[in-house]
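Visitor: Line by line, the protein sequences give chains A and B. Position 81 of the first sequence, counting from 1, maps to 63 under our numbering, and the rest follow consecutively. Position 257 of the second sequence, counting from 1, maps to 318 under our numbering, and the rest follow consecutively. Glycine included, every Cβ here is placed at the ideal spot set by N, Cα and C.
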Amino acid sequence: MSLSEQQVKEISYLARLKVDEGEVAQTTAELNNILALMADLAKIDTEGVSPMAHPLNMSQRLREDEVSETDQFEVFQKIAPKTGKNHFLVPKVIE
Amino acid sequence: MTMHKLTVAKLSKGLKNKEFSALELTEHFLTRINQSDLNAFITITDDLALAQAKAADRKIADGSAGALTGIPYAHKDIFCTTGVKTSAGSKILNPFISPYNATVSYKLNSADMVMLGKANMDEFAMGSSNENSYYGPVKNPWDKGKVPGGSSGGSAAAVAGRLSPFATGTDTGGSIRQPASLCGITGLKPTYGRVSRYGMIAYASSLDQAGPLTQTAEDAALVMNVMAGFDDKDSTSVDREVPDYTQNLGNSIEGLKIGLPKEFFSEGLDGGVAETVMAAVKEFEAMGASVAEISLPNSAHAIPTYYIVAPCECSSNLSRLDGVRYGYRCEDPKDLEDLYLRSRSEGFGAEVKRRIMIGTYALSAGYYDAYYLKAQKVRHLISEDFKKAFRNVDVIMGPVSPTTAFDLGSFKDSVSMYLTDIYTLSLNLAGLPGMSIPAGFSNNMPVGLQLIGNYWSEEMLLNVSHQFQCQTDWHFQMPEGVGV
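Now the structure itself:
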């Protein structure tokens, strides 16, 4: 499977990455070069093999439903690019 | 003054015996770092280090010092540190000053250790040469025209260049072992779940694991005593007792069963590296170990499997970097979408973008089964190979990297660099522990021997490595000019 330039544009948008028009051809070639490496995977017999999502056969640990964090919004807002009225500011979304 | 040549174990004794103070030691290393041209550090924390050293001296004076009180270290810039910039080698985390400490940072602080600075690395730990850092490449102390390996390249160069006796690293596909090998030092990648990942900026969450880079296995054991352990802040941390890793270092390795996977010695392995590795294996035989050929039939599949699994996980992990809550934001965004697109595009480097796009594609509707699910199944096969092998052998040995350190700028495309990870990836996919220890030289550059153990066998790996280091002095070889 190899990617078309149109697909690369779609993927980059999904990933919220901007690929300039002049770079689409090169990016497509680079990604296809990487994907060529994956071609062999399809040939491996994995009939009846269960997927391994995680190295240790463990289930999610649960804890008591108790408050463990204190409110630190000031600390976290201090490192934000732009804040106002205790919120993170972004350009206007609704006109 | 030659304090910089000493191991953590010797420095610890020297501090206790008042041969030098923590402050003198710290000042000595800071001077070396400031005079160095290796680019091993992104941030040098002079003031903090001096304050920590003074505090350590007070503890030594009043008799409350621990084993590592006053020992300086370089901290890979992937671990969050309160009040000190954490960049992960990326422009997108410039500026980012973490409001909290990683558990590893907290533990090293609690052991009264002295942080000299934050070590350079490939951006978000993606790379095998340290050339993917926004802060520029790191040079190999053995030959400044060559790479130190990656992604923990700054950490490895700092220890090999004797700018620090110990450095932290992280290993997702070889990022501790490969730079340790290329720089001629000792590196340990523990079992997945052994060291907390809390506050360690995630690349691929099911593969990432932190560990030490040191001169010797004994030093790695000393710092593992501090780094390892259960952490309820990391949901993948394992609640399992931490042994005293120094306790069994002296055990004899008589009767140790070593397996050599034939797939690790086939085409693509440099002749000089193969010879050096085999000479080390012979040394083990002379020490009473037995050697048998084994097979890990799926090991060649580790490359495509890893380069699906890791990008999938990174595309998800790095989606949080959006220019809104912390880190880099583009100038004058015209709307919210422009803010996301430009902040991310201007903030991430080329290799990170490629991996995000590969991951995004492999997880997208219609392709998930062919790529991600398939890779997870092959991951299972790779892990089963190891399970079978460990029924017959105690430890697997082989090369870490197919070649010694390569020239800066010699790889022009991603794929040829990916192929150099062939011997290190499979153990991350399985979650197993591994080490690289200095085994000799080929063309005047260091060669590492890789040791792979079964789950939770760090103690055995450290013991086996220590015994080798009692018989050899490869780990004490230093680049020219460092010993003075």
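(1) In the DSSP assignment, what are the bridge partners of T65 (chain A)?
(2) In this structure, does DSSP put F227 (chain B) in helix, strand or coil?
(3) Which two residues bound the contiguous alpha helix (DSSP H) that contains L(-15) (chain A)?
(4) From B:L99, B:Q113 and B:F325, pick the residue whose C-alpha is nearest to that of T485 (chain B); which is it?
(5) Are the CB atoms of V72 (chain A) and L397 (chain B) nearer to each other than 8 Å?
(6) When the Cα of T52 (chain A) is compared with those of B:Y161, B:P209 and B:N524, which residue comes out closest?
(7) In whole angstroms, what separates the C-alpha of N309 (chain B) from that of L402 (chain B)?
(8) Pull out every residue of the region 131 to 161 of chain B whose Cβ sits closer than 9 Å to any Cβ of chain A, in chain order.
(9) Name, please, each residue of chain A whose Cβ falls closer than 7 Å to the Cβ of T104 (chain B).
(10) Here's a check: name, in chain order, each residue in its chain whose Cβ is nearer than 6 Å to the Cβ of Y264 (chain B), leaving out the five neighbours to either side.
(11) Tell me whether T164 (chain B) sits in a helix, a strand or coil according to DSSP, three-state version.
(12) Which residue wins for smallest C-alpha separation from A11 (chain A), given the options B:I419, B:E541, B:L469 and B:K146?
(13) Which residues in chain A sit within 7 Å of Q437 (chain B), going by Cβ to Cβ distance?
(14) Out of B:A289, B:S360, B:S159 and B:L283, which one is the CA nearest neighbour of L227 (chain B)?
(15) Could you run through the region 9 to 25 of chain A and flag, in chain order, every residue whose CB is less than 9 Å away from some CB of chain B?
(16) Exposed or buried, P63 (chain A), counting other C-beta atoms within 10 Å across all chains shown (16 or more means buried)?
(17) Compute the distance between the beta-carbons of C244 (chain B) and A281 (chain B), then report whether it is under 8 Å.
(18) Under a CB-based cut-off of 8 Å, is M418 (chain B) close to chain A?
(19) Less than 8 Å between the C-beta atoms of I364 (chain B) and Y433 (chain B), yes or no?
(20) Counting only C-beta atoms, is K(-9) (chain A) closer than 8 Å to chain B at any point?
(21) Going by DSSP, what residue range makes up the beta strand (DSSP E) through G206 (chain B)?
(22) Please tell me whether I76 (chain A) has its Cβ less than 8 Å away from any Cβ of chain B.
(23) Check the Cβ of Q42 (chain A) against every Cβ in chain B and list those closer than 8 Å, keeping chain order.
(24) What three-state label does DSSP hand S267 (chain B) in the structure shown?
(25) Taking only three categories from DSSP, how would you classify K448 (chain B)?
(26) Helix or strand or just coil, what does DSSP make of I105 (chain B)?
(27) In terms of alpha-carbon separation, which member of B:C531, B:G470, B:G210 and B:K250 lies closest to L268 (chain B)?
(28) Taking D474 (chain B) as the reference, which of B:S189, B:T147 and B:L382 has the closest Cα?
(29) Measuring only between beta-carbons, confirm whether F55 (chain A) sits less than 8 Å from chain B.
(30) With a threshold of 8 Å between beta-carbons, can T52 (chain A) be considered close to chain B, or not?
(31) Which residues in chain B have a C-beta closer than 7 Å to the C-beta of V72 (chain A)? List them in chain order.
(32) By the DSSP assignment, the beta strand (DSSP E) with E354 (chain B) in it spans what residues?
(33) Please determine, among B:Q239, B:A126, B:Y134 and B:D123, the residue with the shortest C-alpha to C-alpha distance to H89 (chain B).
(34) Out of curiosity, what's the CA-to-CA distance linking N564 (chain B) and A335 (chain B)?
(35) Leaving out five residues on either side along the sequence, give the residues of the same chain with a beta carbon under 7 Å from the beta carbon of G206 (chain B).
(36) Do the region 137 to 154 of chain B and the region 171 to 181 of chain B meet, that is, are 3 or more Cβ pairs less than 8 Å apart?
Guide: With the given structure in hand:
(1) Here the question's residue 65 (chain A) lines up with position 83 in the first sequence. In DSSP, T65 (chain A) forms a bridge with A:F70.
(2) Walking along the second sequence from the start, residue 227 (chain B) turns up at place 166. Correct three-state label for F227 (chain B): strand.
(3) If you number the first sequence from 1, residue -15 (chain A) lands on position 3. Counting along the chain, L(-15) (chain A) falls outside any alpha helix (DSSP H), and DSSP gives it neither H nor E.
(4) As a first step, residue 485 (chain B) is located in the second sequence; it is residue number 424 there, counting from the start. Nearest C-alpha to T485 (chain B): B:F325.
(5) Here residue 72 (chain A) corresponds to residue number 90 of the first sequence, with the count starting at 1. Here residue 397 (chain B) corresponds to residue number 336 of the second sequence, with the count starting at 1. Going by C-beta atoms, V72 (chain A) is nearer than 8 Å to L397 (chain B).
(6) Position 70 of the first sequence, counting from 1, holds the residue named residue 52 (chain A). Looking at the Cα atoms, B:Y161 is the closest of the given residues.
(7) For this step, residue 309 (chain B) is matched to residue 248 along the second sequence. For this step, residue 402 (chain B) is matched to residue 341 along the second sequence. When rounded, the distance between both Cα atoms is 54 Å.
(8) P156, F157, I158, S159, P160 and Y161
(9) For this step, residue 104 (chain B) is matched to residue 43 along the second sequence. Result: empty, since nearest Cβ-Cβ is about 16 Å, beyond 7 Å.
(10) The residue labelled residue 264 (chain B) in the question sits at position 203 within the second sequence. Only F185, A186, T233 and C375 meet the Cβ criterion.
(11) Working through the second sequence from its first residue, we reach residue 164 (chain B) at position 103. Three-state result, T164 (chain B): helix.
(12) Taking the first residue of the first sequence as position 1, residue 11 (chain A) is located at position 29. Of the listed residues, the one whose Cα sits closest to A11 (chain A) is B:I419.
(13) Here residue 437 (chain B) is taken as the residue at index 376 of the second sequence, counted from 1. The contacting residues are P33, M34 and A35.
(14) For the purposes of this step, residue 227 (chain B) is taken as the residue at position 166 of the second sequence. Residue identity check: residue 227 (chain B) is Phe in the sequence provided, not Leu. Among B:A289, B:S360, B:S159 and B:L283, the Cα nearest to that of F227 (chain B) is on B:L283.
(15) T9, E12, L13, N15, I16, L17, A18, L19, M20, A21, D22, L23 and A24
(16) Translated into the one-based positions of the first sequence, residue 63 (chain A) becomes position 81. Buried is the call here.
(17) One-based indexing of the second sequence puts residue 244 (chain B) at position 183. One-based indexing of the second sequence puts residue 281 (chain B) at position 220. Taking 8 Å as the Cβ cut-off, C244 (chain B) and A281 (chain B) do not qualify as a contacting pair.
(18) Translated into positions along the second sequence, residue 418 (chain B) becomes position 357. Judged by the 8 Å Cβ criterion, M418 (chain B) is in contact with chain A.
(19) Within the second sequence, numbered from 1, the residue matching residue 364 (chain B) stands at position 303. Within the second sequence, numbered from 1, the residue matching residue 433 (chain B) stands at position 372. Taking 8 Å as the Cβ cut-off, I364 (chain B) and Y433 (chain B) do not qualify as a contacting pair.
(20) One-based indexing of the first sequence puts residue -9 (chain A) at position 9. Chain B, which has no Cβ nearer than 8 Å to the Cβ of K(-9) (chain A), makes this no.
(21) Counting from 1 along the second sequence, the entry for residue 206 (chain B) is found at position 145. Unbroken run through G206 (chain B): none, as it is neither H nor E.
(22) Within the first sequence, numbered from 1, the residue matching residue 76 (chain A) stands at position 94. Chain B, which has no Cβ nearer than 8 Å to the Cβ of I76 (chain A), makes this no.
(23) In the first sequence, the residue the question calls residue 42 (chain A) occupies position 60. What Q42 (chain A) touches in chain B: S296.
(24) On the second sequence, residue 267 (chain B) is found 206 positions in, with the first residue counted as 1. Correct three-state label for S267 (chain B): coil.
(25) Walking along the second sequence from the start, residue 448 (chain B) turns up at place 387. Three-state DSSP puts K448 (chain B) in a helix.
(26) The sequence position of residue 105 (chain B) within the second sequence is 44, counting from 1. Three-state result, I105 (chain B): strand.
(27) Position 207 of the second sequence holds residue 268 (chain B). Minimum Cα distance to L268 (chain B) is reached at B:K250.
(28) In the second sequence, the residue the question calls residue 474 (chain B) occupies position 413. Answer by Cα proximity: B:S189.
(29) Position 73 of the first sequence, counting from 1, holds the residue named residue 55 (chain A). So, not an interface residue.
(30) Along the first sequence, read from residue 1 onward, the residue named residue 52 (chain A) stands at position 70. Not one chain B Cβ lies under 8 Å of T52 (chain A).
(31) Position 90 of the first sequence, counted from the start, is the residue given in the question as residue 72 (chain A). Chain B residues near V72 (chain A): V385, L397 and L400.
(32) Position 293 of the second sequence, counted from the first residue, corresponds to residue 354 (chain B). E354 (chain B) -> beta strand (DSSP E) spans S351 to I355.
(33) Numbered from its first residue, the second sequence carries residue 89 (chain B) at position 28. Of B:Q239, B:A126, B:Y134 and B:D123, the residue nearest in Cα terms is B:Y134.
(34) One cannot answer for residue 564 (chain B) here, as it falls past the ends of chain B, which runs 62 to 545.
(35) Mapped onto the second sequence, residue 206 (chain B) falls at position 145. The residues are D468 and L469.
(36) yes
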